[in-house]
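See below for the structure under consideration.
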Amino acid sequence: MVWKDSEKARVYNRDYREKNKEKQKLYKKEYYEKHKEEKKQYDKKYTKENSTRIKKYRKEQHQKKRLEVLAKIDPAMKCSMCGCDDTRFLEINHIKGGGMKEQKSMKKTDHGMSTNFVMLIHRGDRGVEDLNLLCRVCNSIDHLERVYGKIGLRTVWKKDSELF
Ligand SMILES: [Zn+2]
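Below, the structure written as structure tokens:
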């Protein structure tokens with residue numbers, strides 16, 4: 009009967025795959041154990057020889073994530089005080105303050121605090137409802153006004169055409 013044969017074949021194939029999987033696993037493990045030191049050395053050498061490239065890659069990846077996070081907070085990607093849209097100058101701001109406190113409570117790792125913060129938002133582990141974007145200048149003014157009250161400073165953003 010055709011059905012029986014195909015059923016047999018199915019079972020056989022499944023068994024074969026299962027057995028092979030175990031074998032593969034074992035083989036991989038043995039291979040890894042045998043070449044552990046070699047691999048370590050190789051990785052070390054690779055990292056050393058390519059450190060500039062790796063650093064550059066990591067930086068680019070982070071920049072990409074940072075821009076995605078900025079867009080998450082404000083799709084217009086503009087400073088909410090002066091309208092500056094140069095993403096190099098934009099910073100994540102806590103609308104009601106408390107940013108330092110939150111950053112301080114975050115675990116210290118080899119990354120900087122703001123890097124961790126960006127990652128947290130990027131992963132979706134932190135909402136953005138209480139955040140907005142401020143350029144570095146407006147962020148400083150915001151900080152000063154929190155400490156000293158209204159100080160009357162205002163950022164004026166000149167477009168390229170008005171610079172000269
Ligand atoms: Zn601004």
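Everything in the sequence shown is counted per this note's numbering, starting at 9 for the first residue and increasing by one.
Using N, Cα and C, we set each Cβ at its ideal position, and we do this for glycine too.
Practice item. Tell me whether Leu142 counts as near ligand 1, meaning its Cβ is closer than 8 Å to at least one heavy atom of that ligand. Key: On the sequence shown, position 134 is the one that residue 142 refers to. Relative to ligand 1, the nearest heavy atom lies less than 8 Å away from the CB of Leu142.
**Study point:** Lys73 and His151 closer than 9 Å at C-beta
**Key:** For the purposes of this step, residue 73 is taken as the residue at position 65 of the sequence shown. For the purposes of this step, residue 151 is taken as the residue at position 143 of the sequence shown. In this structure, the beta-carbon distance from Lys73 to His151 does not fall below 9 Å.
**Study point:** Rounded C-alpha distance that separates Thr55 from Arg66
**Key:** Walking along the sequence shown from the start, residue 55 turns up at place 47. Walking along the sequence shown from the start, residue 66 turns up at place 58. Spanning the two alpha carbons is a distance of roughly 13 Å.
Check your understanding: When burial is assigned at 16 or more other CB atoms within 10 Å of the CB, is Leu78 buried or exposed?
Key -> Sequence index remark: in the sequence shown, residue 78 carries index 70 (1-based). Within 10 angstroms of the beta-carbon of Leu78 lie 16 or more other beta-carbons, which makes it buried.
Review point. Buried or exposed: Leu142, going by 16 or more other Cβ atoms within 10 Å of its Cβ?
Key: Position 134 of the sequence shown, counting from 1, holds the residue named residue 142. Burial call: buried.
Review point. Which stretch, first to last residue, makes up the beta strand (DSSP E) that contains Asn140?
Key: Along the sequence shown, one-based indexing puts residue 140 at 132. Counted as a single uninterrupted DSSP element, the beta strand (DSSP E) harbouring Asn140 occupies residues 139-143.
Review point. Between Gly157 and ligand 1, is the CB less than 8 Å from at least one heavy atom?
Key: Start at 1 with the first residue of the sequence shown, and residue 157 comes out as number 149. Not so, every heavy atom of ligand 1 lies at least 8 Å from the Cβ.
Check your understanding: First and last residue of the beta strand (DSSP E) that includes Ile81?
Key -> Looking up residue 81 in the sequence shown gives position 73. Here Ile81 belongs to no beta strand (DSSP E); instead the alpha helix (DSSP H) covers 59-81.
**Study point:** Anticipated Cβ contact below 8 Å, Leu139 with Asn101, distance rounded
**Key:** Position 131 of the sequence shown, counted from the first residue, corresponds to residue 139. Position 93 of the sequence shown, counted from the first residue, corresponds to residue 101. Indeed, because the Cβ distance is near 7 Å, the residues count as touching under 8 Å.
Review point. When the Cα atoms are used, what is the spatial distance from Glu38 to Glu57?
Key: If you number the sequence shown from 1, residue 38 lands on position 30. If you number the sequence shown from 1, residue 57 lands on position 49. Distance from the CA atom of Glu38 to the CA atom of Glu57, rounded to whole angstroms, is 28 Å.
Check your understanding: Leu128 to Val136, Cα distance in whole Å?
Key -> Position 120 of the sequence shown, counted from the first residue, corresponds to residue 128. Position 128 of the sequence shown, counted from the first residue, corresponds to residue 136. Distance between the alpha carbons of Leu128 and Val136 is about 10 Å.
Exercise for review: Answer with buried or exposed for Asn21, where buried requires no fewer than 16 other C-beta atoms within 10 angstroms of its C-beta.
Suggested key: Here residue 21 refers to the residue found at position 13 when the sequence shown is read from its first residue. So Asn21 ends up on the exposed side.
Review point. Does the beta-carbon distance from Val126 to His70 come in below 9 Å?
Key: Taking the sequence shown and counting its residues from 1, the one referred to as residue 126 is at position 118. Taking the sequence shown and counting its residues from 1, the one referred to as residue 70 is at position 62. Between Val126 and His70, the gap from beta carbon to beta carbon is short of 9 Å.
Point to revise | Chain-order list of residues whose beta-carbon lies under 8 Å from that of Lys47 (same chain, five-residue window excluded) | key: Mapped onto the sequence shown, residue 47 falls at position 39. In its chain, beyond the 5 residues on either side, Tyr40 have a beta carbon closer than 8 Å to the beta carbon of Lys47.
Exercise for review: Check whether the Cβ of Met89 sits closer than 8 Å to any heavy atom of ligand 1, and report yes or no.
Suggested key: Residue mapping note: residue 89 aligns to position 81 of the sequence shown, counting from 1. Correct: Met89 has its Cβ closer than 8 Å to ligand 1.
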